[in-house]
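In order, the protein sequence lines correspond to chains A and B.
Note that UniProt numbering numbers the first sequence so that position 118 is 118, with each residue one more than the last.
Note that UniProt numbering numbers the second sequence so that position 195 is 195, with each residue one more than the last.
The beta carbon of each residue, even a glycine, is placed where N, CA and C say it ideally should be.
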Amino acid sequence: MISVQNLSKYFDQFKAVDDLTFDIGPGDIVGFLGPNGAGKSTTMKMLTGFLAPSSGNIEINGQNVAEHSKAIQQQIGYLPEGAPAYGDMTVYQFLHFIADIRKLRGKEKQARVAAVTDRLELHSVLNRPVENLSKGFKRRVGLAQAIIHDPAILILDEPTDGLDPNQKHQVRELIQGLSEDKTVIISTHILEEVAAVCNRVMIIAKGALQFDDTPGALQQRSRFYQSVSLTLSYAADISGLAELDGVADMEVDRKTGRVTLFPESGQPILPQVTEHIQLRRLPVEDLHVEQGRLDDVFREITTQQEVRG
Amino acid sequence: MRNIWIIARREFSSFFATPVAYVFIAIFLVLSGIFTFFIGNLFERGQADMLPFFNFHPWLYLFLVPAIAMRTWAEERKSGTIELLMTMPVSIGEAVLGKFLAAWAVLALALALTFPLWLTVTYLGAPDHGIIIAAYLGSWLMAGAFLAISMCMSALTKNQVVAFILAIVVCFLFVVSGSNIVLDAFQMWAGNAVIDTVASFSFLSHFESMAKGVLAMNDVGYFVIAIGVWLYASLIIIEQKKAD
C-alpha cells in the first residue's frame with residue numbers, strides 16, 4: 001500500500017513534481033505516463049527514498065519513507081532509469097552481489113539467482129561483464145536485479161526502453177506473471193504497453209496529476225472510442241450513414257477514402273451501421289470498431305495543461 | 001557490518017576486474033624503487049634501514065592515492081549506479097566505509113609487495129625489524145588519510161579528472177602545510193596560534209617520526225582522526241548531493 005500526499009519536489013526554482021496525491025493498493029499495476037520531463041522519474045526516485053521530497057508525505061505499508069527508508073527499501077524492487085549496473089562485474093557476480101545486499105543467504109540465494117536467471121533468460125550471458133552486453137540484455141539484468149528478492153512493490157522506470165518487440169513482450173509477460181497481491185508501478189511513454197499490462201493509468205504533465213483511472217476509461221476519452229470506420233470498394237452514396245441514430249459525425253479521409261463514423265457519447269453504433277449497409281447494399285470491403293486512439297488522448301491530456309499554464 | 005563487508009568485497013574485486021589495481025601496484029613498486037635507490041641512495045648510505053624508502057611515501061601517495069580513489073564516487077554518479085546502491089537497504093555510512101576499506105586494502109597489498117626491499121636490507125645488514133614494521137604501519141595509516149581525502153573529493157563530482165585534480169591539490173596542502181609554502185599565506189594576518197594549528201596539520205611532520213619507526217600516540221591519533229573526519233565529510237556530501 002503506497003499512500004502519497006501533497007508530494008512536491010523543487011530543483012532550485014524548477015518545480016519538478018507539483019502536489020501529487022494518490023493511493024496505490026496491492027494488485028494495482030499502475031502505468032505511469034507522461035511526456036519526457038513530466039516528473040515521472042523524480043516521483044519514482046522519491047517513492048524509493050533516493051530523493052527527499054521538498055514537501056508532502058509518502059507512506060508505504062504505513063511507514064514513512066523518510067523515517068524508515070531502509071526497512072521500506074527492503075520491500076521494494078527498483079529498476080532505475082537506464083538500468084544502471086556495475087559494468088565491470090559479470091552478470092553472475094552482479095546478481096550475487098545484489099542478492100547479498102538484499103540479505104538473501106545460502107540455498108535461498110542460490111534458488112533466487114537461478115529463478116531470475118531462468119525468468120529473464122540470462123543463461124547465455126552469465127559470465128560476461130555487464131558493460132559488454134547489448135542494451136536489451138542490460139535491461140533484463142536490471143529487471144532481474146529488481147525482482148531478485150521477490151518484492152511486494154515493484155517500481156520500474158521505463159523497463160522496456162531499448163528492447164525489441166519480442167523482449168518487450170517478454171517483459172510484459174513477466175509483469176503479468178507476478179502474483180496478484182503485488183503492487184507494480186511502471187513508467188513509460190509507450191501507450192500500448194499500458195493497455196497491455198496495466199489496470200490503472202496515471203498521467204502526469206508538468207509535475208501534476210492529470211488523469212487517474214483504468215486504461216479503458218482512458219480509451220473512452222478518445223473521440224475515436226466506439227467509432228466505426230469502413231472503406232468502400234467503389235464510390236457509393238454514403239450520406240445516409242451520417243443521418244443514423246446515435247451517429248454524431250462522419251468524416252471521410254480524402255486520400256484513402258476511409259469513412260469514420262463517430263458515435264454520440266460513446267454508445268455502440270455498430271448495429272445501426274451494419275443494418276444500414278445491408279439495407280442499402282453498400283460495397284463495404286472493410287469495417288471495424290475502433291478502441292480509441294491512446295496517443296490522441298495522451299496528447300490532449302498532456303498539452304491542455306501547457307495551454308492553461 | 002555485513003553490508004560493509006559485501007560492499008568492500010565488491011569494490012575490491014572491481015579494482016582487479018579492471019586494470020586499475022594492477023597498474024597502481026606496478027607503478028607504486030617501480031616508483032618506490034626509483035626513489036629509494038636513486039634519490040634516497042639506499043646503498044650509498046651504508047645503513048641497514050629503510051628510511052630512504054619510507055621518506056618518499058608522502059610524495060608517492062600524493063599522486064597515486066588520488067588516482068586510485070578518483071573513481072570511487074564519481075563513477076557511481078556518472079553511471080547512475082549510485083541510484084541503485086542508495087535504494088538498496090544499505091546506509092550511506094556502510095557504503096562509505098566499504099569503499100574505503102576496499103581501496104585501503106589495495107594500498108596495503110601494494111605496501112606488502114615491497115617486501116623484497118625488506119629482504120634486501122635484511123640480507124645486507126641487521127635492521128631493526130620492529131622499526132620497519134612500525135614504519136610500514138605508519139605509512140599505511142598515512143595512506144588511509146590520503147585516501148579519505150581523495151574519496152571525499154570524488155564524492156564532490158561526476159568527473160573523475162576533476163576529482164583527481166581536486167584530490168591532489170587538497171592532499172598537497174596537507175602534505176606541505178607545515179612548510180613555508182602554506183604558512184606564508186597566514187603569516188601576515190594570523191596569530192601564532194593559527195599558524196601553529198595549520199602547521200600541525202602537516203602530513204610530513206606527523207609522518208617524520210613514523211618513518212623512523214616511532215608510532216607516537218599523537219601522530220597515530222592525528223591520522224586516525226583525519227581519516228574519520230574526511231570519511232564523515234564524504235558521507236555528508238553524498239547525502240546532500242547523491243542525486244545531482
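What in chain A is Cβ-close to MET86 (chain B), meaning under 7 Å? Neighbours of MET86 (chain B) on chain A, chain order: PHE50.
With 7 Å set as the bound, which would you pick, yes or no: does the beta-carbon of THR157 (chain B) sit closer than that to a beta-carbon of chain A? no
Note down, one range per segment and in chain order, each beta strand (DSSP E) of at least 3 residues found wholly within the region 182-262 of chain A. 183-188, 200-205, 208-213, 228-232 and 247-252
Span of the beta strand (DSSP E) around LYS15 (chain A): Per DSSP, LYS15 (chain A) belongs to the beta strand (DSSP E) from 14-24.
Over what stretch of residues does the beta strand (DSSP E) that includes GLY56 (chain A) continue unbroken? That run of the beta strand (DSSP E) goes 55-60.
Kindly give me the distance between the Cβ atoms of PHE100 (chain B) and MET142 (chain B), rounded to whole angstroms, as I take these residues to be in contact under 8 Å. Not really, about 15 Å apart at Cβ, beyond 8 Å.
Should GLN63 (chain A) be flagged as near chain B, meaning a C-beta pair shorter than 7 Å? no
Based on DSSP bridge pairs, tell me the residues matched to GLN63 (chain A). A:ILE60
Does DSSP put PHE201 (chain B) in a helix, in a strand, or in coil? coil
Any idea what DSSP makes of GLY309 (chain A), helix, strand or coil? Unreliable positioning characterises GLY309 (chain A) in this predicted model, as indicated by a pLDDT of 40, which lies under 50. A coordinate reading is not provided.
Inter-residue Cα distance where the pair is PRO263 (chain A) and ARG254 (chain A): 21 Å
Of the residues B:MET88, B:ALA163, B:GLY178 and B:GLY93, which one's Cα is nearest the Cα of ILE236 (chain B)? B:GLY93
9 Å Cβ cut-off: residues of chain A touching ILE236 (chain B): Result: empty, since nearest Cβ-Cβ is about 14 Å, beyond 9 Å.
Taking three-plus beta-carbon pairs below 8 Å as touching, is the region 77-94 of chain A in contact with the region 18-38 of chain A? With a cut-off of 8 Å, the region 18-38 of chain A and the region 77-94 of chain A do not count as touching, because too few Cβ pairs lie within range.
Using the beta-carbon count (16 or more within 10 Å), is VAL201 (chain A) buried or exposed? buried
Selection from B:LEU107, B:ALA199 and B:SER234 that minimises the alpha carbon distance to PHE12 (chain B): Considering only B:LEU107, B:ALA199 and B:SER234, the residue with the shortest C-alpha distance to PHE12 (chain B) is B:LEU107.
When burial is assigned at 16 or more other CB atoms within 10 Å of the CB, is VAL30 (chain B) buried or exposed? With fewer than 16 Cβ atoms within 10 Å of its Cβ, VAL30 (chain B) is classed as exposed.
What is the C-beta distance between ASP19 (chain A) and SER3 (chain A), in whole angstroms, given that I count them as a contact (C-beta under 8 Å)? Actually they are not in contact, since the Cβ atoms of ASP19 (chain A) and SER3 (chain A) sit about 15 Å apart, beyond 8 Å.
Counted within 10 angstroms of its Cβ, other Cβ atoms place ARG308 (chain A) as buried (16 or more) or exposed: Below a pLDDT of 50, predicted positions are generally treated as unreliable, and ARG308 (chain A), at 46, falls in that range; the measurement from the model is reported next regardless. By the 10 Å Cβ count, ARG308 (chain A) comes out exposed.
Report the neighbours of TYR78 (chain A) on chain B: residues whose CB is nearer than 7 Å to its CB, in chain order. THR87
State the Cα-Cα distance for the pair SER227 (chain A) and ARG258 (chain A), rounded to the nearest angstrom. 13 Å
Can you find at least 3 beta carbon pairs, one from the region 111-120 of chain A and one from the region 62-74 of chain A, that sit closer than 8 Å? no
According to the neighbour-count rule (16 or more other Cβ atoms, all chains shown, within 10 Å of its Cβ), is LYS45 (chain A) buried or exposed? buried
To test your reading of the DSSP string, which unbroken alpha helix (DSSP H) runs of 4 or more residues are found completely within the region 97-158 of chain A? Contiguous alpha helix (DSSP H) elements confined to the region 97-158 of chain A occur at 106-119 and 135-147, taking only those with 4 or more residues.
Listed from N- to C-terminal order along the chain, which residues in the region 158-188 of chain B have their beta-carbon within a distance smaller than 9 Å of any beta-carbon of chain A? none
Chain B partners of PHE298 (chain A), CB-CB under 9 Å? Going along chain B, no residue has its Cβ under 9 Å from PHE298 (chain A), so there is no contact; the nearest lies around 27 Å.
Work out the CA separation of VAL252 (chain A) and ASP28 (chain A) for me, nearest whole Å. Cα to Cα, the separation comes out at about 40 Å.
State the CB to CB distance for the pair VAL130 (chain A) and MET89 (chain A), rounded to an integer number of angstroms; the pair is presumed to be in contact (CB under 8 Å). 6 Å
DSSP-derived helix/strand/coil call for ILE76 (chain A): strand
Expressed to the nearest angstrom, what Euclidean distance is found between the alpha-carbon atoms of LEU147 (chain B) and GLY98 (chain B)? Going by the C-alpha atoms only, they are around 13 Å apart.
Just curious, the alpha helix (DSSP H) that HIS57 (chain B) is in, first and last residue? Its alpha helix (DSSP H) spans residues 57-69.
When the cut-off is 7 Å and only beta carbons count, does PRO159 (chain A) lie next to chain B? no
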